[in-house]
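Trainee: Quick note, the sequences are listed as chains A, B, C and D, same order.
Mapped onto the working numbering, the consecutive letters of the first sequence carry residue numbers 1 to 337.
Mapped onto the working numbering, the consecutive letters of the second sequence carry residue numbers 338 to 674.
Mapped onto the working numbering, the consecutive letters of the third sequence carry residue numbers 675 to 1011.
Mapped onto the working numbering, the consecutive letters of the fourth sequence carry residue numbers 1012 to 1348.
Backbone N, C-alpha and C fix where the C-beta goes; we use that ideal spot for every residue, glycine too.
This is the structure I want to talk about, given as structure tokens.
4 protein chains.
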Amino acid sequence: MIVVMDLRATEEQVKAVDKRLEELGFKTHLIRGVERLVIGAIGDRKQILNSGIEIMPGVEKLVPIMKPFKLVSRDVKLEDTVIRVRDFDIGAKEITVIAGPCAVESREQLMETAKLVARAGAKAIRGGTYKPRTSPYSFQGMEEDGLQLLAEAGRETGLATITEVIDEKSLGLAVNYVDIIQIGARNMQNFQLLRAAGRIRKPVVLKRGLSATMEEWLMAAEYIMSEGNYNVILCERGIRTFENYTRNTLDLSAVPLIKQLSHLPVIVDPSHATGEWRLVPPLSKGAVAVGADGLLVEVHPDPVTALCDGPQSLTPENFRVLMEELGPVANSVGRDI
Amino acid sequence: MIVVMDLRATEEQVKAVDKRLEELGFKTHLIRGVERLVIGAIGDRKQILNSGIEIMPGVEKLVPIMKPFKLVSRDVKLEDTVIRVRDFDIGAKEITVIAGPCAVESREQLMETAKLVARAGAKAIRGGTYKPRTSPYSFQGMEEDGLQLLAEAGRETGLATITEVIDEKSLGLAVNYVDIIQIGARNMQNFQLLRAAGRIRKPVVLKRGLSATMEEWLMAAEYIMSEGNYNVILCERGIRTFENYTRNTLDLSAVPLIKQLSHLPVIVDPSHATGEWRLVPPLSKGAVAVGADGLLVEVHPDPVTALCDGPQSLTPENFRVLMEELGPVANSVGRDI
Amino acid sequence: MIVVMDLRATEEQVKAVDKRLEELGFKTHLIRGVERLVIGAIGDRKQILNSGIEIMPGVEKLVPIMKPFKLVSRDVKLEDTVIRVRDFDIGAKEITVIAGPCAVESREQLMETAKLVARAGAKAIRGGTYKPRTSPYSFQGMEEDGLQLLAEAGRETGLATITEVIDEKSLGLAVNYVDIIQIGARNMQNFQLLRAAGRIRKPVVLKRGLSATMEEWLMAAEYIMSEGNYNVILCERGIRTFENYTRNTLDLSAVPLIKQLSHLPVIVDPSHATGEWRLVPPLSKGAVAVGADGLLVEVHPDPVTALCDGPQSLTPENFRVLMEELGPVANSVGRDI
Amino acid sequence: MIVVMDLRATEEQVKAVDKRLEELGFKTHLIRGVERLVIGAIGDRKQILNSGIEIMPGVEKLVPIMKPFKLVSRDVKLEDTVIRVRDFDIGAKEITVIAGPCAVESREQLMETAKLVARAGAKAIRGGTYKPRTSPYSFQGMEEDGLQLLAEAGRETGLATITEVIDEKSLGLAVNYVDIIQIGARNMQNFQLLRAAGRIRKPVVLKRGLSATMEEWLMAAEYIMSEGNYNVILCERGIRTFENYTRNTLDLSAVPLIKQLSHLPVIVDPSHATGEWRLVPPLSKGAVAVGADGLLVEVHPDPVTALCDGPQSLTPENFRVLMEELGPVANSVGRDI
């Protein structure tokens, strides 16, 4: 930690800061620059954050040197984390495609989609059963009935299953039915839910919050891991910016960057990111090319009648074509699909 | 709802859209412009959102005409909502100042702060007991012990009490101890929590999410009201932007704008918005001048030793001076404090 | 254009708006909805923008139906624009890679870079000669001396040349020396410069502004085209967001989206977008996979000694490897490189 | 400057960085932390920025300690800068209100406005003569004819005059006609224009760019001052965010923050910031309450017929009421108007 003193800090102020740092167990180094004095403080970052140093007279600012995340960090684990689900791996050479409707609407809709996406090469079926909706008047999901349908679809097709949970109650139910738990963008900093997800052992897909920095996103993963669940998959799904031709701005640079900072697998959701199905195929290819370990794609047998997010859903036929086109892209960057 | 057809839409496509709109119970008007055809559709907005019209062939986009919020809207209730708490009103002529520490840390710390802010003219004491923290390794709050201290501080000083809840469990506890419930920025779209807050009858301060639009914020209030709790107070606390000299960007234009759109009271939290105590007094004055109904200000008896957010906390003496200076500002815009 | 009347608009107010619309030459359609009246106005969008309708009593808002851009629009020209430079095409099947240093620093530096990037497969050499720098104390470019070196590098290697201009004067000089003119992000709405660039006939690379929407970016291209220069190439180079692990957020969804809206070629600059050379190779592949027509990549023979933007520059060896790896990616989406 | 070494940096890498720092004339201090080594480097910040240290092997990042701005900084000049214009001061106790139409449209329109705003208490008349418009098809200003009208309005009413310039040519003309030169948001980083404005001696109002950080804004002012013109007035006019109920987000925290960082006067433009005249009065009061030295307000005799920005213009009557209401607000924070 570096403590930058104000240009006009007095000797007494410097001494007071130095003394307090030593009380807190830090070793200090005073560096007198051309205009300004800085103090290098060696010790536990957490200590200094709760120490009030920042507002002692004469202090201009603190500059942290260490990153705040530990368990998620590439610094503590050099090799990539690979997560086993049913008969496939997430984070290994093969790219994992998860597909399915925004919401589970009926047995018919789900089974039809599951069969078609399985045939096209998807590894898992997604389907919302608890929907976080902006309006209280929108369709809120089939809840446990939907979970049962998902489990059935998994049994019939061999696909792994994934669904979003929105609180501890839905998590407690979902964990009995599906293979992978998803925490959505709006709950990325629902810390109670993160802790609860840390106490299960099934893999958790953690979506990036609408306005979450990489650091906050990794700290949310740290919450899950700090409770003992190391099976975390990060999912980039677009961030909120001033641009509104697309619903969000897909931040594909997050993929290689997270891979520098962390050992966790990273997947991409181009459907929510853009809100428009025409943009899903090119951005799926882009995601694979930048190094994503998987994709989360919305597919609906009849987007026109979908109860949510029809405009961003591919038809099964469009999805089949996409899967065919993704093969060469994956190969071109040394991956399979 | 206006349906804008594509420049190259065929007559068949137009007919198909028109037919589907009629099936959904809409009355339609075709308007042929110089280059483009638009269809005006009269009926229930909700219907069209789930109708798939947006992705029918030949449709370029839908333009909603009606705002999505109902109960919160100034359209359904012209007069300002005034909320009674203990012996004072929020949303009336007098400006309500809520003050106190980021977190309840000890009886001593809380009682001292409560007495000092009461003497300076605050109406309510705030204090975090369940803290949503970015890092799992930071102090997470005193929980129910803190709630008991808050209740005690309220009894001793006559101040109303307010604390943040983070899930249904903490809400269930807090509602027994405090006068006002706060839902924080990170939980603004925790819809389960919003619904639960709608089933109590105590006032709820709903903070704006870090990247929430006005519309999303009002829709979150709609969630609470749709369950029957009409005592909602909106709190602007800064939004996330590219600027990082301040922690967030306080959006004071939200105050007069929300007052145009809604009948609910609006208060401002300049402490979290800026993250720096020196900016709190000028922005408090600014908030009062633009028409805020109240302020939420962090005060700590010894910011240097605060367990959280020391840098943005006023000392009791600085708070006392601020309260004195706010009087004339309030009067200058026809309010009292 | 749709005029949405206020919920409480009186009949007189409606009549007044209707009358004014007719005076302005619009044909109007009144549509009475369940709660609200809207007026469809058919005519010239420009007329209504300067008409004051928006602030007539009883008017809530105007909703434009037509897009404001004309010449850049895919609506007026269905086929892709292909721009010929020396012996290659931009916007055709082959992807155009432009490479070179942030700034021209010396003959030696430029010639060495030019030879190496030519050998690796680049089509053009870039090099800043007039640098828009945030600080007045930073290196500002070699100006005309740099232009002469660029021209020399072009002659010796057969590469096309490109440089950024910052005002009419530098444009007037540069047009004599280089094959392609670049207008940078900070000048995207320097309308005098855009007009001047519209009066030349050489191709213009127009970078997206730091916080420019797609619409503003296309309107900036419209400025150039409205003066008669149809050889415009759009360049996505990252937008400003709250995220600061990367310098900007590269918006790769802009590529397929612009291709929907416009017939102009689109290239991508991953170097400025990220500010970090390690991210340049994966994002270059991503850009090609989403459909970009070209790349603008910073390459410096010795990034450690570069006078500007060393951290985002590839070494010639890294560039050579990147070019080899890009081949299969280009092929995987039906392109060559 | 602090150089943070990577966790896995070798001793050789540390030595190489240390050696290069010494070659560049820095004195170095090695601080070995619990996990990581940092090097404190004392010397000229500019040197290190062009030194390539950032990309030497083993270096994780550079942390600058000194702020990049000099002449604008409160560090080099403690007392507030006060700028004399005609018979009044900007930056002193009295708040300066500048009012007038978005664009000069005719003698009649300008004279009428000038008389009315003068009577209401404005000190200066504004009026655009060179308009930077998003669309090439919009009204672009009366140019020199408009400047003559402005000068005439100044002579007749005694008001000071201000207009926006968009390039060196319009600056060269405007400086002969008006008292204050304005550089708009879109040109805040038009460095050629900033330098040219630094070579005149008339006061310059420098608007904050749409997505400019405080630091970039101050560096733009530094450009002007570095050429010798110390009469710079900063103008906050809203920044671009995800929120779109208002045109921009007015960042009133910029006012007290800039006053901490710099000695220059700061004024606020609530008209462009919000784009809606109803929000102008409350935000004008807010601006005065947070400590702004002045306001820039759009006033048009007949907003309905205005050639630009009618929706954000006050009528003269609304402006008169605002001026009356601003008096008590100014007094409440120790200022006059």
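Could you tell me if PHE69 of chain A is buried or exposed, where buried requires 16 or more neighbouring beta carbons within 10 angstroms of its beta carbon?
Mentor: Answer is buried; the Cβ neighbour count reaches 16.
Trainee: Kindly say whether GLU1065 of chain D, judged by its beta-carbon, lies nearer than 7 Å to any beta-carbon of chain C.
Mentor: Output row for GLU1065 of chain D: interface = yes.
Trainee: Evaluate contact between the stretch 612 to 620 of chain B and the stretch 443 to 451 of chain B, counting only Cβ atoms and requiring at least three cross-stretch pairs below 8 Å.
Mentor: Because the criterion of three Cβ pairs below 8 Å is not met, the stretch 612 to 620 of chain B and the stretch 443 to 451 of chain B do not touch.
Trainee: Tell whether a beta-carbon distance below 7 Å holds between ALA118 of chain A and THR163 of chain A.
Mentor: Not a contact, by the Cβ cut-off of 7 Å.
Trainee: Shortest alpha-carbon distance to VAL756 of chain C belongs to which of C:LYS881, C:GLN687, C:ASN905 and C:PRO975?
Mentor: Nearest C-alpha to VAL756 of chain C: C:ASN905.
Trainee: GLN1193 of chain D lies in the beta strand (DSSP E); which residues open and close that run?
Mentor: Looking at the DSSP string, the run of the beta strand (DSSP E) that includes GLN1193 of chain D is 1191 to 1194.
Trainee: Report the neighbours of TYR223 of chain A on chain B: residues whose CB is nearer than 8 Å to its CB, in chain order.
Mentor: Within 8 Å Cβ-Cβ: PRO473.
Trainee: Below 8 Å, can you find three or more Cβ-Cβ pairs linking the stretch 297 to 307 of chain A to the stretch 244 to 254 of chain A?
Mentor: As far as the Cβ criterion goes, the stretch 297 to 307 of chain A does not touch the stretch 244 to 254 of chain A, which means the pair count is below three.
Trainee: Could you give the residue range of the beta strand (DSSP E) that holds HIS263 of chain A?
Mentor: HIS263 of chain A -> no beta strand (DSSP E), and no H or E assigned at all.
Trainee: What would DSSP say about HIS300 of chain A, mapped onto helix, strand or coil?
Mentor: Note: HIS300 of chain A maps to coil in three-state DSSP.
Trainee: Could you say if the stretch 1067 to 1081 of chain D and the stretch 1218 to 1234 of chain D meet the contact criterion of at least three C-beta pairs nearer than 8 Å?
Mentor: Counting Cβ pairs under 8 Å, three or more are found: they touch.
Trainee: Between the alpha carbons of PRO93 of chain A and ARG357 of chain B, how many angstroms are there, rounded?
Mentor: It should be noted that the sequence gives Lys, not Pro, for residue 93 of chain A. Rounded to whole angstroms, LYS93 of chain A to ARG357 of chain B spans 46 Å at the Cα level.
Trainee: So which of C:GLY802, C:PRO806 and C:ARG829 has the shortest CA-CA distance to ASP819 of chain C?
Mentor: The shortest C-alpha separation from ASP819 of chain C is found at C:GLY802.
Trainee: On a CA-only basis, which of A:PHE242, A:ILE166, A:ILE39 and A:GLN260 is nearest LYS77 of chain A? Give me that one, please.
Mentor: It is A:GLN260 whose Cα lies nearest to the Cα of LYS77 of chain A.
Trainee: Tell me whether ARG8 of chain A is buried or exposed, calling it buried when 16 or more other Cβ atoms sit within 10 Å of its Cβ.
Mentor: Exposed, since its Cβ has fewer than 16 Cβ neighbours within 10 Å.
Trainee: Taking only three categories from DSSP, how would you classify VAL661 of chain B?
Mentor: Just to set this straight, residue 661 of chain B is Glu in the shown sequence, not Val. Three-state DSSP puts GLU661 of chain B in a helix.
Trainee: One question on the structure: do LEU496 of chain B and ALA461 of chain B come within less than 7 Å of each other, judged by their Cβ atoms?
Mentor: Taking 7 Å as the Cβ cut-off, LEU496 of chain B and ALA461 of chain B qualify as a contacting pair.
Trainee: Between the alpha carbons of ASP381 of chain B and GLU580 of chain B, how many angstroms are there, rounded?
Mentor: Cα to Cα, ASP381 of chain B sits roughly 41 Å from GLU580 of chain B.
Trainee: Does the stretch 684 to 693 of chain C come within contact of the stretch 360 to 368 of chain B, defined as at least 3 CB pairs closer than 8 Å?
Mentor: No, they do not touch.
Trainee: Let me check understanding here. Comparing Cα to Cα, which of A:THR213, A:ALA212 and A:SER170 lies closest to ALA197 of chain A?
Mentor: Closest by alpha carbon: A:SER170.
Trainee: When the Cα atoms are used, what is the spatial distance from ILE1064 of chain D to MET56 of chain A?
Mentor: If you take the alpha carbons of ILE1064 of chain D and MET56 of chain A, they lie about 32 Å apart.
Trainee: DSSP puts VAL3 of chain A in a beta bridge; with which residues?
Mentor: A:ILE39 and A:LEU62.
Trainee: So which of B:HIS366, B:PHE656, B:LEU543 and B:ALA451 has the shortest CA-CA distance to LYS622 of chain B?
Mentor: When each option's Cα is compared against that of LYS622 of chain B, the closest is B:PHE656.
Trainee: How big is the Cα-Cα spacing for ILE517 of chain B and GLU564 of chain B?
Mentor: Between ILE517 of chain B and GLU564 of chain B, the C-alpha separation is close to 17 Å.
Trainee: Put PHE88 of chain A into one of helix, strand or coil per three-state DSSP.
Mentor: It is a strand residue.
Trainee: Give the straight-line distance between the Cα atoms of VAL502 of chain B and ALA511 of chain B, rounded to the nearest whole angstrom.
Mentor: If you take the alpha carbons of VAL502 of chain B and ALA511 of chain B, they lie about 7 Å apart.
Trainee: What residues from chain D crowd round MET893 of chain C, counting only those whose CB sits closer than 8 Å?
Mentor: Those are THR1145, SER1146 and PRO1147, listed as they occur along chain D.
Trainee: Below 7 Å between beta carbons: does that hold for LEU543 of chain B and ALA490 of chain B?
Mentor: Cβ atoms of LEU543 of chain B and ALA490 of chain B: not closer than 7 Å.
Trainee: Express the C-alpha separation of ALA980 of chain C and ILE932 of chain C in angstroms, rounding to a whole number.
Mentor: Cα-Cα distance, rounded: 34 Å.
Trainee: Indicate whether at least one CB of chain F lies closer than 7 Å to the CB of ASP251 of chain A.
Mentor: The displayed structure is made up of protein chains A, B, C and D, and chain F is not among them.
Trainee: Using a Cβ cut-off of 7 Å, which residues of the stretch 525 to 557 of chain B contact any Cβ in chain A, in chain order?
Mentor: Per Cβ criterion, the list reads GLN526, ASN527, PHE528, GLN529, LEU547, SER548, GLU553 and MET556.
Trainee: Return yes when the Cβ of ILE267 of chain A is within less than 7 Å of the Cβ of LEU296 of chain A, no when it is not.
Mentor: Cβ atoms of LEU296 of chain A and ILE267 of chain A: closer than 7 Å.
Trainee: Which of the three DSSP states is assigned to ASP412 of chain B in this structure?
Mentor: Coil at ASP412 of chain B, not helix or strand.
Trainee: Please compile the residues from chain B whose C-beta is within a distance smaller than 9 Å of the C-beta of PRO311 of chain A.
Mentor: Correct list: GLY389, GLU391 and ILE392.
Trainee: Which same chain residues end up closer than 7 Å to VAL978 of chain C when comparing Cβ atoms and leaving out the 5 residues on each side of it in sequence?
Mentor: Cβ within range, chain order: GLY984.
Trainee: Can you give the beta carbon distance from ALA1294 of chain D to VAL627 of chain B, rounded, assuming they're within the 8 Å contact cut?
Mentor: In the sequence under discussion, the amino acid at residue 1294 of chain D is Leu, which differs from the Ala named in the question. Right, the Cβ-Cβ distance comes to about 6 Å (below 8 Å), so this counts as a contact.
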